[in-house]
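Notes follow the structure.
There are 2 protein chains.
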Amino acid sequence: MSIKFSKSADRRSDILNGLADHVLAHGLIASSLRALAKAAGTSDRMLLYYFKDKSEIIAATVEVVAARMVLHMNDMASPQRLPLDALVRHLAAVLSDPLFRPYMRLWLEIAGMAARDDPFYTQVGEVIGRGFLTWGAAQIAEENEGQHIREAAKLLIMIEGIVFLNSIGLNDVVQTAIGNPA
Amino acid sequence: MSIKFSKSADRRSDILNGLADHVLAHGLIASSLRALAKAAGTSDRMLLYYFKDKSEIIAATVEVVAARMVLHMNDMASPQRLPLDALVRHLAAVLSDPLFRPYMRLWLEIAGMAARDDPFYTQVGEVIGRGFLTWGAAQIAEENEGQHIREAAKLLIMIEGIVFLNSIGLNDVVQTAIGNPA
DNA sequence: ACATTAATGTAGCGAGCGCTACAAGATATA
DNA sequence: TATATCTTGTAGCGCTCGCTACATTAATGT
């Protein structure tokens with residue numbers, strides 16, 4: 001008569017996966033407790049049973065999303081280190097892949113909330129951003145150490161700029177900038 | 001008849017200036033009708049008397065903000081055209097000026113809303129972004145035309161990337177990338 | 001078997017949201 | 001002065017929000 005549910009820790013992580021799906025698909029602004037609960041197949045009441053309050057729900061969900069993205073990024077790392085220009089082109093192509101679009105949209109949404117001085121999102125943004133920086137640095141072919149650090153920083157700037165422009169519909173500008181040299 | 005019309009037009013533009021102040025200071029998310037009305041020294045009731053609905057209020061306000069920023073940008077244009085690298089450094093410094101921070105925060109907030117497929121903010125973002133592109137192109141010293149277009153696009157990418165990183169607290173990364181060469 | 005705790009449903013509170021109905025003062029026009 | 005129109009205040013509607021109180025059922029330990 002009763003459906004057999006997983007144990008509570010499993011249940012919680014099942015819920016979190018549903019929350020991550022929803023947030024990736026619909027964004028934070030569409031993530032009321034009631035909407036999240038429905039996406040996770042539970043009730044708002046139960047979300048607040050498993051989590052202290054909404055900010056804890058969002059924090060845990062963003063963590064899950066970030067973990068997923070790390071997996072995807074490792075999947076798509078180029079087999080060998082590339083010079084900066086080639087790497088930018090490679091990453092620009094990858095980030096416009098449908099698989100990554102939801103992450104990029106969420107990423108921009110987080111940055112937007114960090115932009116007004118929301119301390120929570122500022123910190124989330126900084127942690128993820130520095131993760132990108134480290135990951136990117138490992139992809140760049142450059143011997144000189146000082147120059148290597150500088151190029152990693154430039155890479156991050158350009159990647160974030162590309163994400164930004166794509167989100168406001170200026171994909172053509174991105175192509176103009178990084179398309180194959182004439 | 002035209003007299004009373006222009007009086008109410010003045011009142012409307014007074015209100016719009018107050019709205020622009022508020023939106024720049026506190027962002028769109030803190031801009032409920034009641035909060036906006038208070039900032040403009042009127043009531044929510046009157047806002048909906050002068051404007052059809054909230055989206056019209058926001059559209060008109062963003063227009064005012066954009067017009068103000070154009071003025072500031074013209075003030076701060078460098079006296080002569082610069083090569084790309086120098087221009088990026090110049091603009092990065094200018095955009096972190098306290099005068100421009102509110103614009104950049106709002107700009108990122110708009111991009112964040114465009115990132116989920118909000119058609120209104122996507123269009124606002126595209127118009128403003130292309131304005132930036134044109135403005136930036138006029139600042140770049142580069143003879144070859146094809147190269148000039150490409151450099152303008154690169155400039156826009158880097159500027160938006162810098163705005164992005166600044167907003168999530170990665171100012172140091174920006175400095176690493178564009179600081180004076182060692 | 002019984003007691004305890006864990007898990008979940010139901011219902012709703014208080015606040016804020018965009019927006020509107022209604023009436024009344026202010027002003028212009030006849 | 002009388003009337004019509006422009007402008008504004010008061011009040012509140014219907015909704016969603018995060019969150020909670022209370023009750024009940026399911027599982028577990030003794």
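For the protein sequence lines, the chains are X and D, in the order given.
Quick note, in this note's numbering, the first sequence goes up one by one and the last residue is 182.
Quick note, in this note's numbering, the second sequence goes up one by one and the last residue is 182.
Even glycine gets a Cβ: it sits at the ideal position worked out from N, Cα and C.
Asked: Nearest CA to the CA of residue 126 (chain X): which residue from D:149, D:172 and D:120?; Found: D:172
Asked: If the criterion is Cβ atoms closer than 8 Å, does the pair residue 29 (chain D) and residue 116 (chain X) meet it?; Found: yes
Asked: Which residues of chain D have a Cβ atom closer than 9 Å to the Cβ of residue 176 (chain X), listed in chain order?; Found: 149, 150, 152, 153 and 154
Asked: For residue 157 (chain X) and residue 177 (chain D), which I take to be in contact (beta-carbon distance under 8 Å), what is that distance rounded to the nearest angstrom?; Found: 5 Å
Asked: Taking only beta-carbon positions, decide if residue 142 (chain X) is within less than 8 Å of chain D.; Found: no
Asked: Can you give the Cα-Cα distance for residue 130 (chain X) and residue 45 (chain X), rounded to whole angstroms?; Found: 35 Å
Asked: Are the CB atoms of residue 81 (chain X) and residue 149 (chain X) nearer to each other than 8 Å?; Found: no
Asked: Cβ atoms of residue 53 (chain X) and residue 39 (chain X): under 8 Å apart, would you say?; Found: no
Asked: State yes or no: is the beta carbon of residue 108 (chain X) nearer than 8 Å to at least one beta carbon in chain D?; Found: yes
Asked: Should residue 179 (chain X) go down as buried or exposed, given a rule of 16 or more other Cβ atoms within 10 Å for buried?; Found: exposed
Asked: For a test of the three-state rule: what should DSSP assign to residue 168 (chain X), helix, strand or coil?; Found: coil
Asked: Do the CB positions of residue 122 (chain D) and residue 57 (chain X) come within less than 8 Å of each other?; Found: no
Asked: Of the residues X:18, X:76 and X:26, which one's Cα is nearest the Cα of residue 64 (chain X)?; Found: X:18
Asked: Using three-state DSSP, classify residue 60 (chain X) as helix, strand or coil.; Found: helix
Asked: Whole angstroms is fine: what's the gap from residue 35 (chain D)'s alpha carbon to residue 27 (chain D)'s?; Found: 11 Å
Asked: When DSSP labels each residue in this structure, what does residue 29 (chain D) get in the three-state scheme?; Found: coil
Asked: Residue 146 (chain X): buried (16+ other C-beta within 10 angstroms of its C-beta) or exposed?; Found: exposed
Asked: Ordered along the chain, which non-local residues of its own chain (more than five positions away) have a Cβ less than 7 Å from that of residue 154 (chain X)?; Found: 84
Asked: Starting from the beta carbon of residue 114 (chain D), find every residue of chain X whose beta carbon is closer than 7 Å, and list them in chain order.; Found: 167 and 168
Asked: What's the C-alpha gap between residue 15 (chain D) and residue 94 (chain D)?; Found: 29 Å
Asked: Output the distance between the C-alpha atoms of residue 144 (chain D) and residue 133 (chain D), rounded to the nearest integer angstrom.; Found: 17 Å
Asked: Tell me which same chain residues have a C-beta within less than 8 Å of the C-beta of residue 73 (chain D), skipping the five on either side of it?; Found: 135
Asked: Taking 8 Å as the CB-CB cut-off, is residue 89 (chain X) touching chain D?; Found: no
Asked: Do residue 120 (chain D) and residue 13 (chain D) have their C-beta atoms within less than 8 Å of each other?; Found: no
Asked: Can you tell me which residues form a DSSP beta bridge with residue 82 (chain X)?; Found: X:140
Asked: When you compare each of X:90, X:51, X:24 and X:47 to residue 175 (chain X) by their alpha carbons, which one comes out closest?; Found: X:90
Asked: Counting only Cβ pairs nearer than 9 Å, list the residues of chain X close to residue 82 (chain D).; Found: Here the premise fails: no neighbours, minimum Cβ distance about 18 Å.
Asked: Using alpha carbons as the reference points, say which of D:10, D:47, D:128 and D:77 lies closest to residue 66 (chain D).; Found: D:128
Asked: With the cut-off set at 8 Å, would you say residue 60 (chain D) and residue 51 (chain D) are in Cβ contact?; Found: yes
Asked: Does residue 2 (chain D) get closer than 8 Å to chain X when you measure Cβ to Cβ?; Found: Reliability fails at residue 2 (chain D), whose pLDDT of 31 lies under 50, so the model's placement of it is uncertain and no value is given.
Asked: Compare the C-beta of residue 58 (chain D) against all C-beta atoms of chain X and say whether one is closer than 8 Å.; Found: no
Asked: Report yes if the C-beta distance between residue 24 (chain X) and residue 106 (chain X) is below 8 Å; otherwise report no.; Found: yes
Asked: Count the other CB atoms within 10 Å of the CB of residue 49 (chain D); is the residue buried (16 or more) or exposed (fewer)?; Found: exposed
Asked: For a quick check, are the C-beta atoms of residue 108 (chain X) and residue 112 (chain D) less than 8 Å apart?; Found: yes
Asked: Is DSSP giving residue 17 (chain X) helix, strand or coil here?; Found: helix
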